[in-house]
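Visitor:
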Amino acid sequence: MSSSETSDPDTVVEVIRKPVCLIILGMAGAGKTSFTRRLASKIVEGSRPYLINLDPACREVPYPANIDIRDTVDYKEVMKQYGLGPNGGIVTTLNLFSTKFGQVVNLIEKAGKKHKYCVIDTPGQIEVFTWSASGTIVSESLASACPTVIVYVMDTVRSVSPITFMSNMLYACSILYKTRLPFIVVMNKTDVVDNSYAVEWMRDFEAFQEALETAGDSESEGGTSYVGNLTRSMALALDAFYSDLKCCGVSSHTGAGIDEFFKLVDAAAEEYEKEYKQDWLKMRAQKLEEQKKKDEEKRLKRDNPNVVLEKKKLIDEVPVGRETSDVYLKHPGNESSSDEEGTEVKPDIDDKPQDVAMFQEFINKHVKPNNSGNKT
Ligand SMILES: Nc1nc2c(ncn2[C@@H]2O[C@H](COP(=O)(O)OP(=O)(O)OP(=O)(O)O)[C@@H](O)[C@H]2O)c(=O)[nH]1
Ligand SMILES: [Mg+2]
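So in this note's numbering, spot 272 of the sequence shown is number 272, and the numbers just go up one at a time.
1. Go through the stretch 44-91 residue by residue and report every complete run of the alpha helix (DSSP H) that reaches 4 residues or more, in order.
2. Go ahead and pull the three-state DSSP assignment for Asn195.
3. Hey, is Gly135 close to ligand 2, as in C-beta under 8 Å from one of its heavy atoms?
4. Using 10 angstroms around the beta-carbon of Ser98, count the other beta-carbons present and answer buried if the total reaches 16, otherwise exposed.
5. In this structure, how does DSSP classify Lys417 when only helix, strand and coil are distinguished?
6. How should Tyr75 be labelled, buried or exposed, when 16 other C-beta atoms within 10 angstroms of its C-beta is the threshold for buried?
7. Let me make sure I understand the geometry here. Which of Gly257, Ala256, Ser251 and Gln209 has the alpha-carbon closest to that of Leu236?
8. Among all residues, which have a Cβ less than 7 Å from at least one non-hydrogen atom of ligand 2, and in what chain order do they fall?
9. State yes or no: is the C-beta of Lys189 nearer than 8 Å to some heavy atom of ligand 1?
10. Relative to the C-alpha of Lys42, which candidate in Val61, Val186, Val185 and Ala256 has its C-alpha closest?
11. Any chance the stretch 269-280 sits against the stretch 176-188, with 3 or more Cβ pairs inside 8 Å?
12. With 16 as the cutoff for other CB atoms within 10 Å, does Gly102 come out buried or exposed?
13. Taking 9 Å as the threshold (C-beta atoms), are Ser251 and Lys178 in contact?
14. For Met234, name the three-state secondary structure that DSSP assigns.
15. Going by beta-carbon coordinates alone, are Pro49 and Lys116 separated by less than 9 Å?
16. Compute the beta-carbon to beta-carbon distance between Val382 and Thr93, rounded to the nearest angstrom, for a pair I have assumed lies under 8 Å.
17. Go ahead and pull the three-state DSSP assignment for Thr93.
18. Is it buried or exposed for Glu45, if we count other Cβ within 10 angstroms and need 16 for buried?
19. Using the C-alpha atoms, what's the distance from Ser141 back to Arg299?
20. Nearer than 8 Å: is that true of the beta carbon of Gly26 relative to any heavy atom of ligand 1?
21. Can you look up Leu22 in the DSSP assignment and give me helix, strand or coil?
22. Taking only the alpha-carbon atoms, compute the straight-line gap between Ser233 and Phe165 and give it to the nearest angstrom.
23. Ignore the nearest five residues each way along the sequence and tell me which others in Asp279's own chain have a CB closer than 8 Å to its CB.
24. Consult DSSP for Pro332 and reduce its assignment to one of helix, strand or coil.
25. Can you tell me whether DSSP reads Asp155 as helix, strand or coil?
26. For Val153 versus Ala30, is the C-beta distance shorter than 9 Å?
27. With distances taken between CB atoms, is the gap from Val186 to Asp121 smaller than 9 Å?
28. Taking Tyr117 as part of the beta strand (DSSP E), name the residues at either end of that continuous run.
29. So Val138 is in the alpha helix (DSSP H); what residue range does that whole segment cover?
30. Using the Cα positions of Lys277 and Ser47, report the straight-line distance between them to the nearest angstrom.
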């Protein structure tokens, strides 16, 4: 069923179903692409998930992607043109792609008629996605349009070391608090190592502490070393994070655990509708309102250049005991500003016309016409 009708016979309102979007994140090599490929073979209500590849640097995409970032922006050309290395190239390519993400969201919304799920595979370098403007644009645009769930893929084989496990969990925790979306931890590669040890460490602090002690006293393995002590304190701090965390073990190679994963996804999608949706809609309305205000100010300025609009000071507040002159190298915001990258207020100054023209020329040269919907 792609749509439903209300029970009142006089008012037949069609409710368009939106797909549940799964943003697949995880450390390099954790198995994000293999997991996406495994999900791609799952037929639900007569069709497989709608698939999106956001990794511009991968050589081959081992699943039939409906939208592939590589069709839109040429990553190697971006590196050449801007003189960037691989990571800078991925960031810039994602930034260019995110300027068109509104169109991608429209395609995803339409795909809901046929596909119950939409799976988004992300680049290997997790920080490129989680701590960049484009990552924020992608996750916020999706979350304000469709039920969206973050799927954090963890390498169960590499995490047998308590310290690696803790680093993974801290990263997962930081993403959870940054995105404020329903969250599932997928413990991948259970065909090699069973994930029961990880579940036990999450549920039982004593068991984790024991593992940390038996790991030895060496600096790298934990024990009583500085890292060991830090890890112990972190484990205590993460207790609240673990308490209602959804997690399951899977093997992308054998397909074990995939059915359980989909059950968790359905529960998370329900959670999104009940607990998260209202906040997202409110946030979106606020952003639109702010944008409207800014557009109005710009229009006023353009139509009547003599009108002096209130100019924002570089710094509005200074903490007690500090002088404005103590503060330097700031973007336009309060010193206490907690703006995330990508949500900063842009300066009022327009780009120079020649810069705009140059950027436009670059886009025309390197961004192919949007053909991402053709493969649907
Ligand atoms: N044994 C086993 N190996 C797996 C599994 N899933 C992935 N791998 C292997 O792990 C390696 C990395 O897998 P990818 O799917 O490329 O991981 P990724 O997270 O997409 O990697 P990047 O995009 O480069 O960060 C490959 O060699 C896979 O064959 C699994 O369930 N079991
Ligand atoms: Mg990959």
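The C-beta atom is built at its ideal place from N, Cα and C for all residues, glycine as well. What you are looking at is a predicted structure, and each value in this text was computed from that prediction instead of being measured.
Guide: Taking the coordinates as given:
1. Here the runs fully enclosed are 69-72 and 75-82.
2. In the sequence shown, counting from the first residue as 1, residue 195 sits at position 195. DSSP places Asn195 in coil when its eight states are reduced to three.
3. Along the sequence shown, one-based indexing puts residue 135 at 135. Placement of the Cβ of Gly135 at a distance of 8 Å or more from every heavy atom of ligand 2 is found.
4. Residue mapping note: residue 98 aligns to position 98 of the sequence shown, counting from 1. So Ser98 counts as buried.
5. Nothing about residue 417 can be reported from this structure: the residues present for the chain run from 1 to 376 only.
6. The count along the sequence shown starts at 1 and reaches residue 75 at position 75. It counts as buried.
7. Along the sequence shown, read from residue 1 onward, the residue named residue 236 stands at position 236. Ranking Gly257, Ala256, Ser251 and Gln209 by Cα distance to Leu236 puts Gln209 first.
8. After applying the 7 Å Cβ criterion, the set is Lys32, Thr33, Asp55, Cys58, Asp121 and Gly124.
9. Working through the sequence shown from its first residue, we reach residue 189 at position 189. Yes, the beta carbon of Lys189 sits closer than 8 Å to at least one heavy atom of ligand 1.
10. Counted from its first residue, the sequence shown places residue 42 at position 42. When each option's Cα is compared against that of Lys42, the closest is Ala256.
11. Yes, since at least three Cβ pairs between the stretch 269-280 and the stretch 176-188 fall closer than 8 Å, the two stretches touch.
12. For the purposes of this step, residue 102 is taken as residue 102 along the sequence shown, with counting starting at 1. Exposed, because fewer than 16 other Cβ atoms sit within 10 Å of the Cβ of Gly102.
13. Numbered from 1 along the sequence shown, position 178 holds the residue referred to as residue 178. Numbered from 1 along the sequence shown, position 251 holds the residue referred to as residue 251. Against a cut-off of 9 Å, the Cβ pair of Ser251 and Lys178 comes out as no contact.
14. Walking along the sequence shown from the start, residue 234 turns up at place 234. In this structure, DSSP gives Met234 a helical state, which the three-state scheme calls helix.
15. The sequence position of residue 49 within the sequence shown is 49, counting from 1. The sequence position of residue 116 within the sequence shown is 116, counting from 1. In this structure, Pro49 sits near Lys116, with a CB-CB distance shorter than 9 Å.
16. Because residue 382 is not part of the residues shown, which for the chain are 1 to 376, the question remains open.
17. As a first step, residue 93 is located in the sequence shown; it is residue number 93 there, counting from the start. Here Thr93 carries a helix assignment [DSSP, helix/strand/coil].
18. For the purposes of this step, residue 45 is taken as residue 45 along the sequence shown, with counting starting at 1. Exposed.
19. For the purposes of this step, residue 299 is taken as the residue at position 299 of the sequence shown. For the purposes of this step, residue 141 is taken as the residue at position 141 of the sequence shown. Cα-Cα distance, rounded: 26 Å.
20. Looking up residue 26 in the sequence shown gives position 26. The closest heavy atom of ligand 1 lies less than 8 Å from the beta carbon of Gly26.
21. Walking along the sequence shown from the start, residue 22 turns up at place 22. Secondary structure of Leu22 (DSSP, three-state): strand.
22. Start at 1 with the first residue of the sequence shown, and residue 233 comes out as number 233. Start at 1 with the first residue of the sequence shown, and residue 165 comes out as number 165. Straight through space, the alpha carbons of Phe165 and Ser233 are spaced by roughly 14 Å.
23. By one-based count along the sequence shown, residue 279 stands at place 279. Here the set comprises Arg180.
24. The residue given as residue 332 occupies position 332 in the sequence shown. Confidence at Pro332 is low in this model, with a pLDDT of 43, below 50, so its placement is unreliable and no value can be given for it.
25. Locating residue 155 in the sequence shown gives position 155, where the first residue counts as 1. In the structure shown, the three-state DSSP call for Asp155 is strand.
26. As a first step, residue 153 must be located in the sequence shown, where it is residue number 153. As a first step, residue 30 must be located in the sequence shown, where it is residue number 30. Contact: yes.
27. Position 186 of the sequence shown holds residue 186. Position 121 of the sequence shown holds residue 121. Taking C-beta atoms as the reference points, Val186 and Asp121 fail to come closer than 9 Å.
28. Taking the sequence shown and counting its residues from 1, one reaches residue 117 at position 117. Unbroken beta strand (DSSP E) run through Tyr117: Tyr117 to Asp121.
29. Locating residue 138 in the sequence shown gives position 138, where the first residue counts as 1. Start and end: Ala133 to Ala145.
30. Position 277 of the sequence shown holds residue 277. Position 47 of the sequence shown holds residue 47. The straight-line gap from Cα to Cα measures roughly 26 Å.
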